[in-house]
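Numbering follows the numbering used here, in which position 159 of the sequence shown is assigned residue number 159; successive positions increment by one, without gaps.
Ideal Cβ placement from N, Cα and C applies to all residues, glycine included.
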Amino acid sequence: GESGSGKSTALRIALGLEKPTHGRVLLDDQDVTDLGWREFRPLRRRIQLVQQNPFAALDPRFTLFESIVEPLVSFGLFKGRELEQIARRLIERVQLPVAYLDRLPRELSGGQRQRVAIARALALQPDLLLLDEPVSALDVSVQAQILDLLVELQAESGIAYVLVSHDLAVVASVAHQVLVLKHGKTVEYGLAEDVFARPEAAYTQELIAAIPGRRLELRTGTH
1 GESGSGKSTA LRIALGLEKP THGRVLLDDQ DVTDLGWREF RPLRRRIQLV QQNPFAALDP
61 RFTLFESIVE PLVSFGLFKG RELEQIARRL IERVQLPVAY LDRLPRELSG GQRQRVAIAR
121 ALALQPDLLL LDEPVSALDV SVQAQILDLL VELQAESGIA YVLVSHDLAV VASVAHQVLV
181 LKHGKTVEYG LAEDVFARPE AAYTQELIAA IPGRRLELRT GTH
């Protein structure tokens with residue numbers, strides 16, 4: 001959906017930061033709509049967020065090691081040598097050299113910072129990763145690399161994604177299913193290949209028609 005459609009609000013609701021005005025929020029068939037902050041906290045191990053801006057997502061005072069293990073320290077899960085081993089595995093999973101763990105964010109490019117943000121989001125081994133416009137702040141050449149990484153990580157781990165974007169080409173490259181929002185309401189929902197090949201809603205048709213070059217590379221694989 002476009003700006004103001006309700007995409008970011010949907011993510012905030014999924015994180016338990018806002019309450020929906022209508023409907024319920026279910027996580028594995030568990031109704032979590034009315035949980036308070038303290039009750040929702042254990043679920044945050046299962047739901048992690050990758051923010052839009054990689055330049056603001058990392059604390060400039062922290063080394064990459066400190067940033068990646070921060071969620072683990074916050075939940076008191078591991079210490080010392082175990083944290084070092086986990087950080088090494090995570091930074092390798094996002095295809096960065098282990099030697100980068102001693103670096104500060106200012107020493108990295110935007111794409112490298114987003115890889116670190118993804119590694120940190122994976123630290124707690126979540127079931128669900130919320131991706132808020134994860135490549136919109138990056139150069140076009142780097143966008144494809146990050147999207148390919150996300151697809152690879154999902155294939156390896158089976159983690160679920162909720163990706164929000166105004167860019168339908170980005171959605172097509174990652175999503176199995178697509179939900180189109182307009183002014184906070186769902187106007188279309190279905191399998192990606194169906195929505196892009198045979199859009200039913202006039203609004204969806206307008207969005208697809210506006211894609212530069214009208215080129216969409218749909219993701220293949222299981223849904």
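field: Residue burial classification, LEU90 (beta-carbon count within 10 angstroms, cutoff 16)
entry: For the purposes of this step, residue 90 is taken as the residue at position 90 of the sequence shown. Under this definition LEU90 is a buried residue.
As assigned by DSSP and simplified to three states, the class of GLY111: Taking the first residue of the sequence shown as position 1, residue 111 is located at position 111. The answer is helix: DSSP assigns GLY111 an H, G or I state.
- prompt: When DSSP labels each residue in this structure, what does GLU133 get in the three-state scheme?
  reply: Working through the sequence shown from its first residue, we reach residue 133 at position 133. The answer is coil: DSSP assigns GLU133 none of H, G, I, E or B.
query: Is the beta carbon of VAL174 less than 9 angstroms from the beta carbon of VAL142?
result: The residue you call residue 174 lines up with position 174 of the sequence shown. The residue you call residue 142 lines up with position 142 of the sequence shown. Taking a C-beta distance under 9 angstroms as the contact criterion, VAL174 and VAL142 do not qualify as a contact pair.
- request: Whole angstroms is fine: what's the gap from PHE75's alpha carbon to THR186's?
  value: Counted from its first residue, the sequence shown places residue 75 at position 75. Counted from its first residue, the sequence shown places residue 186 at position 186. Each residue's Cα considered, the two are about 36 angstroms apart.
Contacting residues, own chain, Cβ-Cβ under 6 angstroms from ARG120 (five flanking each side not counted): For this step, residue 120 is matched to residue 120 along the sequence shown. Counting only Cβ-Cβ distances below 6 angstroms, and skipping sequence neighbours, we find SER67 and ILE68.
- prompt: If you follow the alpha helix (DSSP H) that ALA160 is part of, which residue opens it and which one closes it?
  reply: Along the sequence shown, read from residue 1 onward, the residue named residue 160 stands at position 160. First-last for ALA160: 160–164, but that is the beta strand (DSSP E), not the alpha helix (DSSP H).
message: Could you compute how far the alpha carbon of ASP31 sits from the alpha carbon of ARG44?
response: Position 31 of the sequence shown holds residue 31. Position 44 of the sequence shown holds residue 44. A straight line joining the alpha-carbon of ASP31 with that of ARG44 spans about 15 angstroms.
- prompt: Between which two residues does the beta strand (DSSP E) containing GLY47 stretch?
  reply: As a working mapping, residue 47 is identified with position 47 in the sequence shown. One point to set straight first is that residue 47 is Ile, not Gly, in the sequence displayed. For ILE47, the uninterrupted beta strand (DSSP E) segment begins and ends at 47–50.
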